[in-house]
Each structure stands twice: as structure tokens, then as C-alpha cells.
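Here is the structure we will look at.
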Amino acid sequence: MASQDLSSSGLGRNPIPGADPAGENVRYEEEFTRLEDEIGKMQSAGPAAVDWPSVASMASAILSNRSKDLLVASWLTIALNREEGLRGLIAGIDVIQGIVETYWDDCFPPIKRMRARVGAIEWIAERAGTSLADVTATPDNAEGIVQLFDAVDSLDRTFSEKADGVQVNLGDLLRPLRNLKRDADFMIAEVAKKAAAVAEAEAAAKAAATAEVVPPTEAAAPEDDSLPAAPVEPASAAPPAPPPAAPPAAAAAAVPPPVAPVTVPAASGPEMDRAINTLRSNVVAMARAIRSASPGDPRSYQLLRSVLWLPVQAPPPDQDGRTMLPDPTRELGPVLATLAGAGDPLKLLEFCESNAVDRLFWLDLHRHSASALGALGHTAALEALQGQTAAFLKRFPKVVGLAFDGGTAFADAATRMWITDDLMSSGGPGGGGAGDGLGADFAEIRSNARALAAKGNLGDAAVVFEDARNQAVGERSRFLWDLEKARLCMDAGRPGLAMSLLMHLDKLSCKFSLDIWDPSVCVDLTTMLLRGSSPDAGTEADPEWAVLRREWTTRLSRLDMRAAVELGEFSVQAGTE
Numbered sequence: 010m011a012s013q014d015l016s017s018s019g020l021g022r023n024p025i026p027g028a029d030p031a032g033e034n035v036r037y038e039e040e041f042t043r044l045e046d047e048i049g050k051m052q053s054a055g056p057a058a059v060d061w062p063s064v065a066s067m068a069s070a071i072l073s074n075r076s077k078d079l080l081v082a083s084w085l086t087i088a089l090n091r092e093e094g095l096r097g098l099i100a101g102i103d104v105i106q107g108i109v110e111t112y113w114d115d116c117f118p119p120i121k122r123m124r125a126r127v128g129a130i131e132w133i134a135e136r137a138g139t140s141l142a143d144v145t146a147t148p149d150n151a152e153g154i155v156q157l158f159d160a161v162d163s164l165d166r167t168f169s170e171k172a173d174g175v176q177v178n179l180g181d182l183l184r185p186l187r188n189l190k191r192d193a194d195f196m197i198a199e200v201a202k203k204a205a206a207v208a209e210a211e212a213a214a215k216a217a218a219t220a221e222v223v224p225p226t227e228a229a230a231p232e233d234d235s236l237p238a239a240p241v242e243p244a245s246a247a248p249p250a251p252p253p254a255a256p257p258a259a260a261a262a263a264v265p266p267p268v269a270p271v272t273v274p275a276a277s278g279p280e281m282d283r284a285i286n287t288l289r290s291n292v293v294a295m296a297r298a299i300r301s302a303s304p305g306d307p308r309s310y311q312l313l314r315s316v317l318w319l320p321v322q323a324p325p326p327d328q329d330g331r332t333m334l335p336d337p338t339r340e341l342g343p344v345l346a347t348l349a350g351a352g353d354p355l356k357l358l359e360f361c362e363s364n365a366v367d368r369l370f371w372l373d374l375h376r377h378s379a380s381a382l383g384a385l386g387h388t389a390a391l392e393a394l395q396g397q398t399a400a401f402l403k404r405f406p407k408v409v410g411l412a413f414d415g416g417t418a419f420a421d422a423a424t425r426m427w428i429t430d431d432l433m434s435s436g437g438p439g440g441g442g443a444g445d446g447l448g449a450d451f452a453e454i455r456s457n458a459r460a461l462a463a464k465g466n467l468g469d470a471a472v473v474f475e476d477a478r479n480q481a482v483g484e485r486s487r488f489l490w491d492l493e494k495a496r497l498c499m500d501a502g503r504p505g506l507a508m509s510l511l512m513h514l515d516k517l518s519c520k521f522s523l524d525i526w527d528p529s530v531c532v533d534l535t536t537m538l539l540r541g542s543s544p545d546a547g548t549e550a551d552p553e554w555a556v557l558r559r560e561w562t563t564r565l566s567r568l569d570m571r572a573a574v575e576l577g578e579f580s581v582q583a584g585t586e
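For the sequence shown, the numbering used here begins at 10 and goes up steadily by one.
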């Protein structure tokens with residue numbers, strides 16, 4: 010059931026059919042058990058595993074026909090929030106408000122189980138609050154944010170009044186909402202101010218257009234016939250009449266009003282925050298207008314990404330790399346995949362640029378935008394996009410290794426390869442390579458192989474390296490091609506394959522004293538061994554690795570202390586150590 014249907018149906022306030030308007034306890038009924046089992050998937054597999062439309066449907070049926078149950082209403086609220094965002098959350102809160110206002114004495118859990126009632130409401134605050142972390146106030150959603158804040162504030166007060174002062178902790182929801190509402194109020198006021206200014210200007214223009222020049226009044230002729238008539242002067246003696254004066258309104262309209270000076274807010278506090286959010290919204294709109302007029306104009310991509318991540322002061326909190334941010338790929342992933350394979354780069358570009366505004370950490374969008382710009386031949390725009398995206402990732406490298414609440418990575422394997430090859434190629438762990446000595450065609454071969462891997466053709470990409478290896482002369486060249494193949498597997502999200510090859514290369518390295526004869530290649534190999542054996546690499550743990558990692562770390566520190574330090578910093582930032 011959609012949120013607009015709930016708003017009109019009065020789901021929280023309309024009585025249950027039968028003798029008991031609040032219905033009965035359904036906690037042991039089959040429909041409640043099915044609903045509870047579906048919600049339980051959150052604990053085992055994360056929110057993405059839950060069939061939220063089914064949750065909304067089952068919960069609505071119970072609240073309509075069986076029981077006014079606050080826990081069921083809280084599940085409905087989160088389901089609507091997951092499906093419809095702010096609009097769904099508002100509708101769900103309204104359902105709960107209706108139950109609390111209308112059926113306080115008889116709803117479920119029973120009033121004697123006040124702690125259970127409080128827990129049902131707080132469950133919403135905990136989960137809905139995290140969903141607001143990725144929301145930014147815009148002119149389009151400002152009214153909804155204010156409406157949501159008012160609904161939550163009203164529920165907080167109503168619950169406390171009904172419960173004789175027992176407080177429900179809605180802080181997890183109200184804290185982000187207060188900040189959003191502050192920005193939304195400012196935007197609404199700005200829109201109203203601009204509308205008033207436009208209306209005033211239109212009224213002035215209309216008055217100027219309709220004003221008429223009033224001719225001077227002729228002197229009345231004397232009525233007394235006895236007075237002699239004034240002599241008539243020759244026409245040639247009459248002086249030319251002066252031009253009529255312009256009406257005041259027209260004169261005012263001809264002079265543009267002075268430009269109001271820009272008011273600079275205080276260096277901190279809510280005024281500055283509001284000004285920054287307004288700046289962000291205006292620049293986003295400007296970037297969209299530039300892109301619409303000329304998709305190849307680099308200013309659009311430079312401007313958008315210069316303000317896109319302004320709300321980000323730190324990477325989102327995570328547990329073992331998984332954040333609480335809702336997964337946009339569940340709804341939009343299939344659309345993106347279809348557009349990426351449709352061969353229409355303009356449509357792909359518009360989709361990615363539009364959705365990046367509200368999905369700050371879905372890094373795949375930026376790779377696909379870059380791909381579209383490349384296909385269109387807009388080199389300057391591509392460079393602007395990549396430069397701004399690289400600047401953000403250099404500030405917060407940890408985000409590359411994080412995932413949404415359902416476990417989907419912010420950056421898939423192809424995007425991570427794009428980041429490594431095109432954005433961070435000049436530095437940082439995992440970039441670069443030991444291509445010296447592999448011939449003049451190395452860069453082209455490597456680029457072709459990684460392009461295949463980025464499209465999901467890892468097997469074909471490996472064949473490219475294997476063909477090059479088979480044609481190589483000397484053990485060193487063959488060693489380097491194997492190292493590149495391992496790097497390809499690592500960057501393509503197949504660290505298990507990479508580690509199998511790297512362990513073989515490590516044995517060869519020790520056998521031939523690579524650290525003495527070719528320390529730069531040994532540094533590259535050791536760095537990849539440490540990356541592939543780190544706890545979050547996704548490889549199956551090997552009991553030998555704990556000992557080997559100490560050996561590899563010692564080796565890397567001895568050969569290249571800077572590389573060891575950088576790898577250590579990278580690991581700490583990415584949560585791998």
C-alpha cells in the first residue's frame with residue numbers, strides 16, 4: 010500500500026471492524042508470525058534482504074482488519090521509509106500518531122507493558138534516523154522535511170502526554186531532522202522572498218506598461234461674450250510644444266534597482282550552515298543548467314563536484330565496513346545496468362549526474378558518468394569530473410572500501426579499478442605497477458586487459474596478459490607479467506585468485522633473492538601480498554598468513570619505509586588493520 014493511500018484511508022484512526030475498535034492481540038497469529046519472520050531477516054542478512062513491499066502490505070492488513078498494534082505500525086513505517094523515502098516516513102508516523110491519539114487505552118502492546126510501547130517507537134527512531142544521513146535539504150524536499158519534523162515532534166509530545174510523562178527517546182531521529190529542518194526553513198523563506206520580489210517586479214512592469222501620458226489641460230474660454238477676443242497669432246509664431254514628461258512609473262522602470270550587497274554570515278553556527286546548503290543547492294542547479302545546454306562543458310562537472318560533498322565531514326560510521334546508509338542499487342541498480350548497456354551515453358550521463366546529487370557515496374555513478382563522457386568525446390569534461398572525484402577520495406580514502414546497509418559496496422570492482430587506474434594512478438597503495446622492462450606495448454596491453462576486466466570479462470583480460478607473458482623473453486619479464494595478472498585479479502575483486510599467484514611469486518622471490526637483485530619489484534610484490542592478506546580483503550584466512558604478514562611487513566619496511574608507512578595509513582583508513 011502506497012503512502013498516499015494510507016494518508017487518505019485513516020489507517021491509524023479508523024476502527025477495526027467488530028466489537029473492539031482497537032482489535033485483538035495478534036502476536037501469536039500466523040499473519041503476525043509471517044511479518045515478524047520477514048523483519049527478522051534484518052538481523053541475519055541486513056535490511057536489503059527484507060521484502061519491504063510485503064512488509065508494508067502485511068502490516069497494513071493487520072492494522073486495518075485485526076489489531077491496532079504499535080509494533081506492527083513501526084514496521085510499516087520503516088517499510089514505507091525504505092520504499093518511498095521522506096513521504097513514506099511521514100505517512101507511517103501519521104499512522105502511529107492516529108493509534109496513539111485514538112486507541113491509547115486499548116491498543117497493543119497493552120498499556121501495562123509501557124516499556125514495550127516505548128521500544129516500538131524508539132525502534133523507528135534508530136532506523137529512520139540513519140536513513141536521513143544521506144538526505145540533504147533542497148527546494149524540492151524542503152516542505153516534506155518540515156512536515157516530517159512537525160509530525161515527529163507532535164508524536165513525541167502526544168506520547169508523553171498519554172503516558173503521564175514517560176519519555177520516548179526520539180533523539181536518533183530528531184537530531185538529524187533538526188539540522189535538516191533548519192536548512193529547509195531557510196530555503197522556504199528564500200523561495201518566498203524571491204517569489205515576492207518577482208511579483209513586485211511584475212506589478213511594477215505592468216503599471217509601467219499601462220500608464221498613459223496625460224496631456225496638459227487647455228485653458229477654459231471665457232464665457233462672457235462682451236470681452237474682446239484675443240488676437241490670433243500666426244501659426245509660424247507658435248513655439249514648438251515641449252515633449253511630454255515621462256510618467257514616474259515608466260522612469261523608475263527604466264533604471265535597474267541597485268544590486269543588494271552580499272551578506273556574509275558569521276564564520277560558524279546555523280547561519281553559516283544554512284548559507285552553505287543554499288550555496289550547494291544553487292550551484293547544483295547551475296551545473297544542471299550548464300549540462301542541459303552543453304553536455305561537454307567541463308564547468309558543469311567541476312561545479313557539481315565542488316559542492317556535492319560539502320555535507321561530508323567524515324566517512325559514515327561503519328561496522329566491519331558496512332554502514333547504515335540505505336542501498337540505492339536495490340531500486341536503481343537495474344536501471345543503471347540497463348542504461349550502461351543501451352549504447353546511449355547521453356541518457357546514461359543524465360541519469361548518473363542527476364542521481365549523484367542525493368546519493369553521495371554511490372561511487373559507481375561517477376565511473377559511469379566518466380565512461381559516458383569518454384564515449385561522447387568530451388575530454389575536458391572527463392578530466393574535470395575525474396579531478397574533482399579524485400580530490401574527494403584523497404580526503405576520504407576509506408569510503409572506497411565501505412558498503413551500504415545491505416552489503417553492496419560503495420564502489421564495485423570495476424569502479425575500484427577506475428579509481429586505481431584513472432584517479433589515483435600517481436600515488437597510493439595499490440596503484441602503479443612494475444612495468445619497466447615489459448616493452449613499449451606494456452601500457453596499451455595493460456589498458457586493454459583492465460578495460461576487459463572492468464566490463465566483467467576477467468577471463469579474457471587474463472588471456473591478454475598470458476599471451477604477453479608467453480611472448481616475453483627472460484624470467485624477469487615473465488615474472489612481471491604474472492605480477493600484473495595478480496594485480497588485475499586483486500583490483501577486479503578476486504583477491505583469492507590473486508593470492509594464489511602471489512604466493513607462488515613470493516616463493517620465487519625468496520629463491521632468487523629478489524629483494525637484493527630487484528628491490529623495486531620486490532616492494533611491489535610485497536605490497537600486494539599485504540593487501541591481499543588483510544582481514545577485509547575477502548580472501549579465506551590462511552593460518553600461515555599471520556606469521557607471513559609479519560615477515561612481509563618487515564621486508565617492506567626494510568626496502569621502502571615510505572611504502573610501508575603509506576600502506577599502514579591506507580590500512581588504518583580503510584579499517585583493514
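The beta-carbon is built from N, C-alpha and C at its ideal position, and this holds for glycine as well. Quantities reported herein were computed from a predicted structural model and do not represent experimental measurements.
Check	Outcome
DSSP three-state label for phenylalanine 451, please.	helix
Taking the beta carbon of serine 301 as the centre, do at least 16 other beta carbons fall within 10 Å, making it buried, or is it exposed?	exposed
May I ask you to report which of helix, strand or coil DSSP gives aspartate 327?	strand
Check whether the Cβ atoms of leucine 461 and aspartate 450 sit closer than 7 angstroms, and answer yes or no.	no
Between which two residues does the alpha helix (DSSP H) holding glutamate 152 run?	151 to 171
Assess contact between the segment 392 to 403 and the segment 305 to 317, defined as three or more Cβ pairs (one per stretch) separated by less than 8 angstroms. Is contact present?	yes
Apart from the five residues on each side of it in sequence, which residues of its chain come closer than 6 angstroms, Cβ to Cβ, to isoleucine 99?	Gln156, Leu157 and Ala160
Which same chain residues, not among the five before or five after alanine 573, have their C-beta less than 6 angstroms away from its C-beta?	Leu565 and Ser566
When the Cα atoms are used, what is the spatial distance from proline 484 to serine 518?	A quick correction: the sequence has glutamate, not proline, at residue 484. Cα to Cα, the separation comes out at about 12 angstroms.
Please name the residue or residues paired with aspartate 78 in a DSSP beta bridge.	Phe117
Hey, how far is the Cα of glycine 352 from the Cα of alanine 412?	28 angstroms
Restricting to runs no shorter than 3 residues, where is the beta strand (DSSP E) found entirely within the segment 350 to 413?	none
Relative to the alpha-carbon of alanine 323, which residue among Val64, Met281 and Leu369 has its alpha-carbon at the smallest distance?	Leu369
Could you tell me the boundaries of the alpha helix (DSSP H) in which aspartate 469 lies?	467 to 479
Whole angstroms is fine: what's the gap from glycine 21's alpha carbon to aspartate 143's?	29 angstroms
Suppose you measure from the CA of serine 543 to the CA of leucine 557; what does that come to, to the nearest Å?	11 angstroms
Under a Cβ-count criterion, where at least 16 other Cβ atoms within 10 Å of its own Cβ denotes burial, should tryptophan 526 be classed as buried or exposed?	exposed
Could you have a look at alanine 418 and say whether DSSP puts it in helix, strand or coil?	strand
Using C-beta distances below 7 angstroms, list every residue in its chain close to alanine 423, excluding the 5 sequence neighbours before and after it, in chain order.	Arg376 and Ala463
Taking just the CA atoms, how far does aspartate 373 sit from methionine 196?	30 angstroms
Label leucine 523 either buried or exposed according to how many other C-beta atoms from any shown protein chain fall within 10 Å of its C-beta, with 16 as the threshold for buried.	buried
Are the beta-carbon atoms of leucine 85 and glycine 101 separated by less than 7 angstroms?	yes
For leucine 32, which of helix, strand or coil comes out of DSSP?	The sequence given here places glycine at residue 32; leucine does not occur at that position. Reduced to three states, the DSSP call for glycine 32 is strand.
Per DSSP, threonine 332 is paired with what?	Asp327
How big is the Cα-Cα spacing for isoleucine 71 and isoleucine 120?	19 angstroms
Output the distance between the C-alpha atoms of alanine 254 and glutamate 211, rounded to the nearest integer angstrom.	Only weak support is given to the placement of alanine 254: the predicted model assigns it a pLDDT of 49, under 50, and the question is left unresolved by the model.
Please report the residue range of the alpha helix (DSSP H) in which threonine 535 lies.	528 to 541
Using 8 angstroms as the cut-off, can you tell me whether the segment 426 to 433 makes contact with the segment 340 to 348, which would need three or more C-beta pairs spanning the two stretches below that distance?	no
Whole angstroms is fine: what's the gap from aspartate 329's alpha carbon to alanine 481's?	42 angstroms
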